[in-house]
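K.L.:
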């Protein structure tokens, strides 16, 4: 770095000095009204309505405009939002929500239980991804009065599961806007109407989205901010540049390059942290196709796991934002993370070679035992690095790996529909409860073509039995025990290897106040966010 | 031939181009010997600056691979793609252009419509579609680049044929009773070839640039050490470790420069009228 | 009387590597006021270089190395560029050979003539416009106002050259240099332009340096003549003396090579026809989309002619008369639209292309351009052997035969291994002849076979052709624009105009007593025809 | 009126070409792995069941046979309806027209830049042929030609945006700045400086080379000698007689390069995150958004045809020998 550049950085650091005080002092400051929050928006979406699509790209925008029934508090416990309270019947088949009074939609119409009924039956159950699986046994939502919604299930629904799912899968849409016409093609999908602290204003595709303060928000005198602007920046380096220039105040969900994250982490103007994303854990996977007889052999799968030095990879490529994983349930999920040690496959090249020899795959010409195609998902820099690292590592034990590069559509079709792969790698998203999006990776009998589900051709009655039992078990302690059995089983059989666990990294400009104050902050409503001048 | 060689060797830019090209070919040949390890293998800690570690004179990239090894092995890929794609484009171009230019009439009309269609469609867009459809392994990428590059040589060949077919020596061949195929390939083609050969250098330069642009968008073959792949990878660390992108970019620049200089030298040597200028 | 322009010992060096060190070698010429001095010579004699040296517009790399060019008391050989710019156009003007390329295609005629005034005078735009119209009227361009607004391509060749002359004479220069000003023109137009130049020169008293290769033109226009060879003036004198009593050997040989316009004694002509054309027609359609806006040119309309066995049928006409199209129809290089061509009773027009290929050896063609008609990438022997090889002769046999043919056409048989560019123009035309003869054709169609050649070479090739015709009993269709050549070669002659034959008959009859007014005009236009008859 | 008739006729004669392109791309994309629904599911991040995927396919008409889909598309096209974008959730025409201005502006800027400087440098080089200015300009031209555009763009970002901080690193304009009028124009202009340079560089090199060669060619023609024989000085010879003639091949080149330039904008827009047609094309290929892609192909082919038409008109204006 040249001296002038260094000087500039030093001065700006000095200027930023007054915001460098420890976080505790923030709370003592008086929140200020006004200001514009600018957000890095990396993945444009077809729709912005979180009751139709559950993905971070929708939450980052729609989560400010629409609200869920239940939210998470700072400690990660279910907290009231549009629902003020809830209770479950003893058999777990009826769950009653008492709704907040005096809430109005952005267009002025009152929010009532019919909105909840409509959203649950027409959107969650029919359209919302993950929602349709969660609400599979939801028979009806009864509305005895405008402030009461009674969910009727055909099978017991663990309250804990529902409450942990609803912050993401419980967003409510206005019935009067959606009730006529095709929900998927409704123009409101890209110009959402909600009850949240910010009202949608404008969406310039490829450029920006603007939302402005909702003056009639039900939380008195909130929000603090005047506007939220989402800037569409697909190029990650460009986003980092805008972050540094102060054009963007917040970059969510690990949208910058690893190099830039590490660099900005050393810059006093920014807070680079996993805080506020505890509810958004993911693991890097290595998926084996059991239709390939080589990979159907457990010894080969274990050899592959032993051949890869995961700690080395994390240390040198991913840095502080990842850690070695122990299985499908990440360590942040304290309710379900197994307390006893589970079977692991530490780096041991000798053992890997021995296992491969034992499986009958001797080294041939050029030291190669056999060749596998590895199909990496096209999202995420870490996946690209990880797939290259797999290629490099397996080369050392005599497995030649050809990387098959596909775009998103091609990847999903090839891996999850055509099963035309040997190894695949991508992310497994953990959504607070293993039943939401984790067990489908292992449960047999998944319909062909459903992505991020068990399409490996692996079938294990024991694992299926454990998962089914856990799904409907109402006792939290028993559920936790069942999921420990589940992890033990899948770590032993290794149909998918999940050796790295990551939490999304956010980059905050330190002018922000009250950021990252709940485990799903990037998705949350930001009603108490404010900007220091 | 002798005059041609003399003409070529007398031009300093052409000689610089030739030497540069020979140097790149030498790099490609010596890659296995200088860097016997797989250039894609993990070589060391990622992102070591050039000159920082004597083992890696050009540093390492963000996958911990030796950049020098990738540059040397990448020379092969770039040259291979350049030569093969050019051969495809020129071959198709010659056949289409020769048939259209010689026969005229509806054959010309039909072939030129096809050529026009290819030229009207932005060629990089077509390349994207081809790679998205047929995948991005090396041979597909090469063939796809060849497939989008033939219209210009075809037009050039056609133009040459249009002027040559009315030349009296061609008419003389026809009065002798020579068959069309023989006239096209044995009589006219050798005369039409020099400008096409010169143009081949342009096609090759563009082919190398196209592959690197594809790689930059991460649509090229990830299993080979290509310069474009390295640039695309380096994009993630551009703001600080800019050398990861800069070094292979320079390599592409020099290669294309060499090819262009050689092409220009050929042109000057083949068209002595222009050489004096 | 002192000369207007005095060239003394002018030497111009060529760049290293040229075929000779000097383009001009100690050239001395005097141009007097009010006279036309013709500089005559074959290609490469340095005559155009002389003009360029006077104007100081020499190609790059070519420079004056000695001597002087005295004009109005100044030595132009050493004058600075600014001085030269003032003289060019205003005091010394120039007319070039090819009016199409010598005029800027993108600017109007009036604009280009007016530029002369804009550069050298301070006249106003309206005055300039008036002067331009006067000039155009002076050179007898019909509708001067229209011509001034026209672009060069919208005028005919003759009109363009008139415009060039108008431009050159705009500022009443003392010296006009005319570099082959009529070579690119048809014979009737040429006569008009020569007349115009002479007329203007008389009226204005301009001194004209007239450069030409054509002794006919010299005879027509020159007061004095200078003959150049290899960059040197070999003879100089009054026109009458040089033309009628040339002293230098080279001048004598040049003049002897000019064919006379009178027909030779008639040869007996067979009654048996070998090639019969009946009502041959060909139309070209150009441009137009979906049949609209296209132009139709009737290149050949209903030509009926007969070539008796062993005779030579000359087809003469100006450019655009359709004579070349007709020649190509005969060998089916162009498909005629109507009518028939029969060769020794065989209807050629009805044959498929494959059938025609098999009959190709019976009728062969010799082309005009000795450079363009030989594939530069094949050896001479191979070019000659190609025909027989296509028709089934083994390669070795064909190549042996090629050597014989080389001998027949007066080439060294050892030179079959060489490439076309290693031969001179006349030699190449002999190769073309050998190629045609290799198939032992019954009829030979020769399309302007000597037009691109210098006059001395032209005479040799014509002699060879006559000789071969006798020895091989060839029947010949001979296309030419040059009436002198036609007079020497042909037994029968047909005069074509606008795609039609206006008159035909034995050459002596047609040339001595032309019936059609066009034929009469054509013959009257041949420059120096009196000189030629005397010759 | 005559121009309109000409334009109509030109358009009509381009119909076969357009059809060839559209049908070709349509059929080609049928062979691609995955469809728009797969791309959409990838966007949502999982949890979609097979039934809803099938429902989406039915809604988009992706469950029909290929000929039926093609026929549907063509029938809509006849009515000038480009269809609905499944990925963007809007009519394709809306999507395209939102993106068109950035690309048009970029292309126009790059073209003007390349044309102007190519012309000036080409003339300079030809005037001093084989002198040092010629050597310098020609060498620079070759280097520009050999520079991968995306690499130049990246390096320019490193230099001008990161280190010198003179110019923005990307984007079309300052978002939410609320600039209007001249201030906004200026803002967009500063954003377009680097992309214009990046896209224009290779074309600058081409134009320079062509202009130099064309100048030399024209300088050797007879009418230049005539002009000199008239007593014109060299500057006027060049300005009045050579330039316009030498421009003709340059003008032809614009038409030939239009398609290439549009292709080049894919990369440049991606480097500078410009909301243009090129990036949209790339995205719709990746997203399998067939309607949008075909729409872009259609629009860009039209654009190329229009550019060529304008070039022909221009050529006819420059050269009286040609009637359009």
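Protein chains in written order, with this note's numbering: chain A, 594 to 1126; chain B, 6 to 282; chain C, 123 to 657; chain D, 9 to 332.
Where a beta carbon is used, it is the ideal one built from N, C-alpha and C, also for glycine.
Computed from a predicted structure; not experimentally measured.
1. For residue 329 of chain D, which residues in chain C fall below 8 Å Cβ to Cβ?
2. Within the 8 Å Cβ cut-off, does residue 158 of chain D reach chain B?
3. Quick check: what's the CA-CA separation for residue 639 of chain C versus residue 452 of chain C?
4. Which same chain residues, not among the five before or five after residue 740 of chain A, have their C-beta less than 7 Å away from its C-beta?
5. Mapping the DSSP letters down to three states, classify residue 791 of chain A as helix, strand or coil.
6. Kindly indicate which residue of A/1079, A/793, A/888, A/687 has the alpha-carbon position closest to the one of residue 949 of chain A.
7. Quick check on DSSP: helix, strand or coil for residue 167 of chain C?
8. Can you check DSSP and say which residues form a bridge with residue 733 of chain A?
9. For a quick check, are the C-beta atoms of residue 830 of chain A and residue 244 of chain B less than 8 Å apart?
10. Should the region 33-42 of chain B be called in touch with the region 201-210 of chain B, which here means at least 3 C-beta pairs below 8 Å?
11. Closer than 7 Å by beta-carbon distance: list the chain D residues that pair up with residue 217 of chain B, in chain order.
12. Would you tell me roughly how many angstroms separate the C-alpha atoms of residue 164 of chain D and residue 258 of chain D, rounded to the nearest one?
13. At a CB-CB cut-off below 8 Å, which residues of chain B make contact with residue 115 of chain C?
14. Who are residue 1119 of chain A's beta bridge partners in DSSP?
15. State the start and end residues of the unbroken beta strand (DSSP E) segment that holds residue 160 of chain C.
16. I'd like to confirm the pairing. Which residues does DSSP put opposite residue 1126 of chain A in its beta bridges?
17. Using a Cβ-Cβ distance under 8 Å, would residue 14 of chain D count as near chain B?
18. Is there contact here, the region 720-737 of chain A with the region 1037-1052 of chain A, by at least three beta-carbon pairs under 8 Å?
19. Beta-carbon within less than 7 Å of residue 801 of chain A's beta-carbon, same chain only, minus the 5 sequence neighbours each way: which residues are those?
20. Give, in chain order, every residue of the region 322-352 of chain C whose Cβ lies closer than 7 Å to some Cβ of chain D.
21. Going by DSSP in three states, residue 655 of chain A sits in which element: helix, strand or coil?
22. Give me, in chain order, the residues of the same chain whose beta-carbon lies closer than 7 Å to that of residue 674 of chain A; leave out the 5 immediate sequence neighbours on both sides.
23. When burial is assigned at 16 or more other CB atoms within 10 Å of the CB, is residue 776 of chain A buried or exposed?
24. I need the boundaries of the alpha helix (DSSP H) containing residue 269 of chain B, first residue and last residue.
25. Listing by chain order, which chain C residues have their CB less than 9 Å from the CB of residue 199 of chain B?
26. Is the region 1060-1075 of chain A touching the region 858-875 of chain A, taking contact as three or more C-beta pairs under 8 Å?
27. Taking the runs of the beta strand (DSSP E) that are 3 residues or longer, which of them lie wholly in the region 38-102 of chain D?
28. Where DSSP assigns a beta bridge to residue 407 of chain C, which residues make up the other side?
29. In whole angstroms, what is the alpha-carbon distance linking residue 288 of chain C and residue 450 of chain C?
30. Going by other Cβ atoms of all chains shown within 10 Å of its Cβ, with 16 needed for buried, is residue 910 of chain A buried or exposed?
31. Nearest-angstrom Cα distance between residue 84 of chain B and residue 962 of chain A?
32. Quick one: does residue 910 of chain A have its CB under 8 Å from some CB of chain B?
33. State the Cα-Cα distance for the pair residue 597 of chain C and residue 313 of chain C, rounded to the nearest angstrom.
34. Quick one: grab the DSSP three-state call for residue 51 of chain B.
35. Given a limit of 7 Å on CB to CB distance, which residues of the region 781-809 of chain A reach chain D?
36. Going by the CB atoms, is the gap between residue 229 of chain B and residue 67 of chain B shorter than 8 Å?
P.N.:
If we stick to the structure as given:
1. Within the fourth chain, residue 329 of chain D is the residue found at index 321, counting from 1. Going along chain C in sequence order, the residues near residue 329 of chain D (Cβ under 8 Å) are 227, 273, 275.
2. Here residue 158 of chain D is taken as the residue at index 150 of the fourth chain, counted from 1. Closer than 8 Å to some Cβ of chain B, the Cβ of residue 158 of chain D qualifies, so yes.
3. Counted from its first residue, the third chain places residue 639 of chain C at position 517. Counted from its first residue, the third chain places residue 452 of chain C at position 330. Spanning the two alpha carbons is a distance of roughly 28 Å.
4. Walking along the first chain from the start, residue 740 of chain A turns up at place 147. If we look at residue 740 of chain A and ignore the five residues flanking it on each side, its Cβ neighbours are 691, 692, 694, 706.
5. Counting from one through the first chain, the residue named residue 791 of chain A turns up at place 198. Strand at residue 791 of chain A.
6. Locating residue 949 of chain A in the first chain gives position 356, counting from the first residue. The residue with the shortest Cα to Cα distance from residue 949 of chain A is A/888.
7. One-based indexing of the third chain puts residue 167 of chain C at position 45. Correct three-state label for residue 167 of chain C: coil.
8. As a first step, residue 733 of chain A must be located in the first chain, where it is residue number 140. Bridge partners of residue 733 of chain A: A/745.
9. In the first chain, counting from the first residue as 1, residue 830 of chain A sits at position 237. In the second chain, counting from the first residue as 1, residue 244 of chain B sits at position 239. Going by C-beta atoms, residue 830 of chain A is nearer than 8 Å to residue 244 of chain B.
10. no
11. The count along the second chain starts at 1 and reaches residue 217 of chain B at position 212. Those within 7 Å of residue 217 of chain B in chain D are 156.
12. The residue you call residue 164 of chain D lines up with position 156 of the fourth chain. The residue you call residue 258 of chain D lines up with position 250 of the fourth chain. If you take the alpha carbons of residue 164 of chain D and residue 258 of chain D, they lie about 28 Å apart.
13. Any answer about residue 115 of chain C is impossible in this case: the structure gives chain C only from 123 up to 657.
14. On the first chain, residue 1119 of chain A is found 526 positions in, with the first residue counted as 1. Its beta-bridge partners do not exist; DSSP assigns none.
15. Residue numbering aside, residue 160 of chain C sits at position 38 when the third chain is read from its first letter. That run of the beta strand (DSSP E) goes 158-162.
16. In the first chain, counting from the first residue as 1, residue 1126 of chain A sits at position 533. According to DSSP, residue 1126 of chain A bridges with nothing at all.
17. Taking the first residue of the fourth chain as 1, we reach residue 14 of chain D at position 6. Chain B contact via Cβ: absent.
18. no
19. Translated into positions along the first chain, residue 801 of chain A becomes position 208. 822, 823, 824, 825, listed in sequence order.
20. none
21. Counting from one through the first chain, the residue named residue 655 of chain A turns up at place 62. Correct three-state label for residue 655 of chain A: helix.
22. Residue 674 of chain A sits at position 81 when you count from the first residue of the first chain. So the qualifying residues of the chain are 660, 661, 662, 663, 664.
23. Working through the first chain from its first residue, we reach residue 776 of chain A at position 183. Flag for residue 776 of chain A reads buried.
24. Here the question's residue 269 of chain B lines up with position 264 in the second chain. 248-275 is the extent of the alpha helix (DSSP H) around residue 269 of chain B.
25. Locating residue 199 of chain B in the second chain gives position 194, where the first residue counts as 1. Chain C residues near residue 199 of chain B: none, gap ~10 Å exceeds 9 Å.
26. no
27. none
28. As a working note, residue 407 of chain C is residue 285 in the third chain. Looking at the DSSP assignment, residue 407 of chain C forms a beta bridge with C/418.
29. Taking the third chain and counting its residues from 1, the one referred to as residue 288 of chain C is at position 166. Taking the third chain and counting its residues from 1, the one referred to as residue 450 of chain C is at position 328. Rounded to the nearest angstrom, the two C-alpha atoms are 39 Å apart.
30. Here residue 910 of chain A refers to the residue found at position 317 when the first chain is read from its first residue. Burial call: buried.
31. The residue you call residue 84 of chain B lines up with position 79 of the second chain. The residue you call residue 962 of chain A lines up with position 369 of the first chain. Each residue's alpha carbon lies about 31 Å from the other.
32. To locate residue 910 of chain A, count along the first chain from 1; it is residue 317. Residue 910 of chain A counts as touching chain B.
33. Position 475 of the third chain holds residue 597 of chain C. Position 191 of the third chain holds residue 313 of chain C. Roughly 33 Å between the two C-alpha positions.
34. Reading the second chain from its first residue, position 46 is the one you call residue 51 of chain B. Coil.
35. 782, 783, 798, 799, 800, 801, 803
36. Here residue 67 of chain B refers to the residue found at position 62 when the second chain is read from its first residue. Here residue 229 of chain B refers to the residue found at position 224 when the second chain is read from its first residue. Not a contact, by the Cβ cut-off of 8 Å.
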